[in-house]
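Start counting the sequence shown at 1; every next residue gets the next number (UniProt numbering).
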Amino acid sequence: MTVLVTGATGTVGSRVVAALAAADEPVRAAARDPDAARESLDADAVVTFDFEKPETWGDALDGVDRLFLVRPPQLSRVGAITDFVDAAERVGVDTVVVLSVLGAEKNPLLPHRRIERHVEGTGLDWTFVRASFFMQNFLEEHREEVRDGVLFVPAGEGETSFVDARDVADVAAAALTEPGHAGRAYDVTCPEALTYDEVAAVFSDVLGRPVTDANPSLPEFVWETYRRGTPLGKVLVMSAIYTTARFGLAGRVTDDVRDVLGRSPVDFPTFVKDHANDFAVERSPAPSNSRN
Ligand SMILES: NC(=O)c1ccc[n+]([C@@H]2O[C@H](COP(=O)([O-])OP(=O)(O)OC[C@H]3O[C@@H](n4cnc5c(N)ncnc54)[C@H](OP(=O)(O)O)[C@@H]3O)[C@@H](O)[C@H]2O)c1
1 MTVLVTGATG TVGSRVVAAL AAADEPVRAA ARDPDAARES LDADAVVTFD FEKPETWGDA
61 LDGVDRLFLV RPPQLSRVGA ITDFVDAAER VGVDTVVVLS VLGAEKNPLL PHRRIERHVE
121 GTGLDWTFVR ASFFMQNFLE EHREEVRDGV LFVPAGEGET SFVDARDVAD VAAAALTEPG
181 HAGRAYDVTC PEALTYDEVA AVFSDVLGRP VTDANPSLPE FVWETYRRGT PLGKVLVMSA
241 IYTTARFGLA GRVTDDVRDV LGRSPVDFPT FVKDHANDFA VERSPAPSNS RN
């Protein structure tokens, strides 16, 4: 029987595929463009899959008993995902691990919580992996700022318990392959919450050059980020996330990574060291999104 990984080309899913393959678990990567996915993924089996195209679900689910479920940020219709969960249960999937968001349980309107609640109502064994803000966002959204030496984040003095996507993936892989995780919700965070001033100090220290935090106001952030070319919808989502941090709601630290994996989570200095080349000023190619 096989594990189907949705979001397999994404930040967490790609690392889940790698972790399962390394453990010799039969894994199938789901992607809208399988040829492109094969080039970027270390996976033997890639299948065409789209939450919005039910005609792709049958082949994707054939012979699958476990499912890693990712809600694509760009997919606003929760029903496409919950319908897929129901289809998975109908064809014999017994376990689902859902990638969710830290604090989801407190926000019934959040799409992730709506998916969680739907999953709770099925007969599936479920595990929720509620992740804090990914360190990898610095490779994607903020890489140029780090290279230029000025972070531009409207989080004030609020702390965030950043988590490395490698830890998120390892917790998910454990929940997919080991007994004892059914009915559990894990809050995955790093060992220490940091303000963005402290984040800038870590970048300065590890990279050996000054990085500061501009700490803009929310209107400054919205205008400047939109002016730099980020689509307005994404600017608003980022604003909501950073406002949560500004109000001190993103800093909760837990021991869940250690409890599940039996090792410490990756801390922020280690993340920066591991990706120092991606943040180097001389480099211009896109981030490696390395799964190491
Ligand atoms: N960023 C954070 O700090 C953070 C923290 C906690 C939780 N989260 C949650 O994590 C989730 C995103 O995970 P991620 O960052 O690993 O993903 P990601 O890097 O944003 O990638 C999105 C994935 O979704 C797939 N996808 C897009 N549209 C699809 C569709 N219609 N049908 C099927 N697949 C589709 C893409 O695959 P293809 O294009 O190859 O099909 C891709 O693999 C979101 O729910 C987000 O809220 C994020």
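We treat Cβ as the ideally placed atom computed from N, Cα and C, and that holds for glycine.
>> Let's see if you can read the secondary structure: which residues bound the alpha helix (DSSP H) around S161?
In response: Within the sequence shown, residue 161 is the residue found at index 161, counting from 1. No alpha helix (DSSP H) contains S161, which DSSP labels as neither H nor E.
> Which residues mark the beginning and the end of the beta strand (DSSP E) in which V5 is found?
Replying inline: Working through the sequence shown from its first residue, we reach residue 5 at position 5. Note, V5: beta strand (DSSP E), 2–5.
> Roughly how many angstroms separate the alpha carbons of R71 and F133, rounded to a whole number?
Replying inline: Here residue 71 refers to the residue found at position 71 when the sequence shown is read from its first residue. Here residue 133 refers to the residue found at position 133 when the sequence shown is read from its first residue. Looking at the two C-alpha atoms, the distance is approximately 15 Å.
> Are there 16 or more other CB atoms within 10 angstroms of the CB of N292, so buried, or fewer, so exposed?
Replying inline: In the sequence shown, the residue the question calls residue 292 occupies position 292. Note on N292: pLDDT 48, under 50, position unreliable in the model; no value is reported.
> Along the chain, where does the beta strand (DSSP E) that runs through S40 open and close?
Replying inline: As a first step, residue 40 must be located in the sequence shown, where it is residue number 40. Per DSSP, S40 lies in no beta strand (DSSP E); the unbroken alpha helix (DSSP H) holding it starts and ends at 34–40.
> Terminal residues of the continuous beta strand (DSSP E) containing V64?
Replying inline: Walking along the sequence shown from the start, residue 64 turns up at place 64. Start and end: 64–69.
>> My output table needs one value for V17: the three-state DSSP class, helix, strand or coil.
In response: Position 17 of the sequence shown, counting from 1, holds the residue named residue 17. Note: V17 maps to helix in three-state DSSP.
>> With a threshold of 6 Å (Cβ to nearest heavy atom), would residue 300 be considered close to ligand 1?
In response: For residue 300 there is no data in the structure shown, the boundaries of the chain being 1 and 292.
>> Tell me whether R252, by its Cβ, gets closer than 6 Å to a heavy atom of ligand 1.
In response: Within the sequence shown, numbered from 1, the residue matching residue 252 stands at position 252. Not under cutoff, so the answer is no.
>> Going by C-alpha to C-alpha distance, which of A45, F68, L69 sits closest to residue 294?
In response: For residue 294 there is no data in the structure shown, the boundaries of the chain being 1 and 292.
>> Considering only the alpha carbon of each residue, which of T6, V199, A36 lies closest to V27?
In response: Against the sequence shown, residue 27 aligns to sequence position 27. Nearest of T6, V199, A36 to V27, Cα basis: T6.
>> Rounded to the nearest angstrom, what separates V3 and D86 at their Cα positions?
In response: As a first step, residue 3 must be located in the sequence shown, where it is residue number 3. As a first step, residue 86 must be located in the sequence shown, where it is residue number 86. Those two C-alpha atoms are separated by around 16 Å.
>> Between F203 and ligand 1, is there a pair consisting of the residue's CB and a ligand heavy atom that are separated by less than 6 Å?
In response: As a position in the sequence shown, residue 203 is number 203, starting the count at 1. Every heavy atom of ligand 1 is 6 Å or more from the Cβ of F203, so no.
>> Assess contact between the region 128–146 and the region 188–199, defined as three or more Cβ pairs (one per stretch) separated by less than 8 Å. Is contact present?
In response: yes
> Among the residues of its own chain, which have a CB less than 8 Å from the CB of S239, if the five just before and after it don't count?
Replying inline: What you label residue 239 is simply residue 239 of the sequence shown in a count that begins at 1. Cβ within range, chain order: P154, L218, F221, V222.
> Taking V64 as the reference, which of D83, E39, D35, T95 has the closest Cα?
Replying inline: As a working mapping, residue 64 is identified with position 64 in the sequence shown. When each option's Cα is compared against that of V64, the closest is T95.
> Hey, would you say the C-beta of R71 is under 6 Å away from at least one heavy atom of ligand 1?
Replying inline: Taking the first residue of the sequence shown as position 1, residue 71 is located at position 71. Yes; taking the cut-off as 6 Å, the Cβ of R71 has a heavy atom of ligand 1 nearer than that.
> DSSP state of R130, grouped into three classes?
Replying inline: Numbered from its first residue, the sequence shown carries residue 130 at position 130. Here R130 sits in strand by DSSP.
> What are the uninterrupted segments assigned as alpha helix (DSSP H) that are 4 or more residues long and contained completely in the region 166–220, given in chain order?
Replying inline: As far as the region 166–220 is concerned, its whole alpha helix (DSSP H) runs of at least 4 residues are 196–207.
> Based on the DSSP output, what are the partners of V46 in its beta bridges?
Replying inline: Counting from one through the sequence shown, the residue named residue 46 turns up at place 46. According to DSSP, V46 bridges with A29.
> For E159, which option in G229, V47, A200 has the closest C-alpha, if you only look at C-alpha atoms?
Replying inline: The sequence position of residue 159 within the sequence shown is 159, counting from 1. The candidate whose alpha carbon is nearest that of E159 is A200.
>> So, for I115: in the same chain, excluding its five sequence neighbours on each side, which residues have a beta-carbon less than 8 Å away from its beta-carbon?
In response: Looking up residue 115 in the sequence shown gives position 115. If we look at I115 and ignore the five residues flanking it on each side, its Cβ neighbours are L69, R71, V78, I81, T82, V85, V98, S100.
> If you drop the 5 nearest sequence neighbours on each side, which residues of the same chain put their C-beta closer than 7 Å to that of H118?
Replying inline: Mapped onto the sequence shown, residue 118 falls at position 118. The residues T82, V85, in chain order, have a CB closer than 7 Å to that of H118 in the same chain once the five nearest residues on each side in sequence are set aside.
> Beta carbon of D50: closer than 6 Å to some heavy atom of ligand 1?
Replying inline: Sequence index remark: in the sequence shown, residue 50 carries index 50 (1-based). Yes.
> Is the beta carbon of A30 less than 7 Å from the beta carbon of A8?
Replying inline: To locate residue 30, count along the sequence shown from 1; it is residue 30. To locate residue 8, count along the sequence shown from 1; it is residue 8. Yes, the Cβ-Cβ distance between A30 and A8 is below 7 Å.
> Based on the DSSP output, what are the partners of L151 in its beta bridges?
Replying inline: Taking the first residue of the sequence shown as position 1, residue 151 is located at position 151. Partner(s): D213.
> Using a Cβ-Cβ cut-off of 7 Å (strictly less than) and excluding sequence neighbours within five positions of S204, which residues of its own chain qualify?
Replying inline: One-based indexing of the sequence shown puts residue 204 at position 204. Closer than 7 Å at Cβ, skipping near neighbours: P210, V211.
>> Tell me the DSSP secondary structure of T243 in three-state form.
In response: Numbered from 1 along the sequence shown, position 243 holds the residue referred to as residue 243. DSSP places T243 in helix when its eight states are reduced to three.
>> Residues in the same chain with beta-carbon distance under 7 Å from K273, minus the five sequence neighbours each way, listed in chain order, please.
In response: Position 273 of the sequence shown, counted from the first residue, corresponds to residue 273. The residues are V206.
>> Using 8 Å for Cβ pairs, my map puts T270 next to H181. What's the rounded Cβ distance?
In response: The residue you call residue 270 lines up with position 270 of the sequence shown. The residue you call residue 181 lines up with position 181 of the sequence shown. Between T270 and H181, the beta carbon gap of about 25 Å keeps them out of contact (Cβ cut-off 8 Å).
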